[in-house]
Amino acid sequence: MTLVRTGDPLALIHLTDQALRVRAVEAASTYDAPTLVQVTQAYMTSGSRKGARTSPKTLAAYSLAVSDFVPWAQDQGVQLLRPGRRDGGRYVAHLQTRPSQGRGKTGTLSASTVAQYVAGARALYRALRWAGATEAQPFEDVHVPPDPTPGIVRNPPYMREIDEVLSYCDARLAALLLLCAHAGLRVSEALAVKVSDIQGTQLTVRGKGGKVRRVPLGKRVRTALAGLPPIQADGRLFDWSYHQAKYRMSLAFRAAGHGQTWRGFHAARKHSGTRLYRVTKDFTRVGALLGHASVDTTRRYVAMEENDVQHEVEDF
């Protein structure tokens, strides 16, 4: 029995249980990676904990991981529906020893990249169980060693770069950078800002998982936003995709002489966390600005000054 294929993963949600099972079994048996990506996306948007609120970034990352795992499994003779108990560990070992293919990168894949690929493979097997295709869990007991180097060290915040790069940004790009570096927004949150979200010195932000928070805006951010006319009928201030914004910002960094220090928008968000902590010494208040559910997450966004407690221990 062969079912008509569809390019829309959401269409799989509306199949009967039997039809969905047949689709998933057929795809797994033939190592059909594109269809298995669709099955995973259908599960993530309808059967996972976050459901339809699963972020596009997560869906894209898991899709990439599934597209990597399936050909590896085929090459290694792994039966996707009946994997061996050691196959999950074998895949992890393969990832840990695989050369990095990023531009300008050397060595093997980073621990965070390995963890992301394994998370996608785990999601594939949750999707196959959701579809009724298998009960196998080859990654259930697999451990992915974390990178011993703290994230704040691997990807530290921009500091002096922010003011220097702003001189090379047009008004809209400068506003985007300030929303990330001074207001602490994720770039996805910043790109979604509308005129109606701005109320005086406050900004309403719709963050991960649909959570809403109110963010205070400093004078520089308010001034930058006030000079921007809406660019879309619904009041949006930006019409760039993430990749378009990333490309424009990388050019500004390069023009400012910081092309080698460009590390994406996340380092700008860490700039805001680090500066606020140095003023408040309060991780809870920093976490509220950044929209973190856990203070443990906030700690990874703050670059601590060396000998930060020198004054306190002076008279011990």
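Mapping to the UniProt record's numbering: the sequence shown position 211 is 211, numbers consecutive.
Backbone N, C-alpha and C fix where the C-beta goes; we use that ideal spot for every residue, glycine too.
Just so it is clear, the structure is predicted and the values come from calculations on it, not from any experiment.
According to DSSP, is residue i helix, strand or coil?
i    : result
V193 : coil
P145 : coil
T186 : Contrary to the premise, residue 186 reads as Arg rather than Thr in this sequence. DSSP places R186 in coil when its eight states are reduced to three.
R5   : The predicted position of R5 is uncertain, since its pLDDT is 48 and thus under 50; a value taken from the coordinates is nonetheless stated next. If DSSP states are grouped into helix, strand and coil, R5 belongs with coil.
P156 : coil
T45  : helix
L80  : coil
Y242 : helix
D32  : coil
E312 : helix
G287 : helix
Y168 : coil
G264 : coil
V302 : coil
P230 : coil
F139 : coil
K281 : coil
Using the DSSP secondary-structure output, state which residues sit across from residue i in a beta bridge.
i    : result
I198 : L203
R214 : T204
P99  : T108
R236 : K194
Whose C-alpha, out of the options, is nearest the C-alpha of residue i?
i    : options                   : result
V195 : D234, G107 and A19        : D234
Y168 : Q202, R248 and L179       : R248
K281 : H266, G291, F265 and A303 : A303
R278 : D147, Q96, R299 and G84   : R299
L290 : L185, T97 and L81         : L185
V92  : G210, L80 and L109        : L109
T40  : R129, W72 and E135        : R129
G84  : A226, S48, V295 and D141  : D141
H56  : E189, R90, T16 and A252   : In the sequence as displayed, the identity of residue 56 is Pro instead of His. Per the Cα distances, E189.
L276 : W240, G218, I13 and G257  : G218
T113 : L59, R90, P146 and G209   : P146
Y125 : A252, S48, P230 and S250  : S48
Does the Cβ-Cβ distance between residue i and residue j come in under 7 Å?
i    : j    : result
F139 : A115 : no
A181 : A65  : no
V271 : I152 : The amino acid occupying residue 271 in the given sequence is His; Val does not appear at that position. Going by C-beta atoms, H271 is not nearer than 7 Å to I152.
A127 : A28  : no
L36  : V78  : no
L203 : V212 : no
A256 : A224 : no
By a C-beta neighbour count over all protein chains shown, 10 Å radius and 16 as the cutoff for buried, is residue i buried or exposed?
i    : result
S100 : exposed
S293 : A quick correction: the sequence has Ala, not Ser, at residue 293. Exposed, because fewer than 16 other Cβ atoms sit within 10 Å of the Cβ of A293.
F283 : buried
P157 : buried
V286 : buried
F316 : exposed
Tell me whether residue i, by its Cβ, gets closer than 6 Å to a heavy atom of the ligand ATP.
i    : result
K208 : The ligand ATP is not part of the structure shown, which contains no ligands of any sort.
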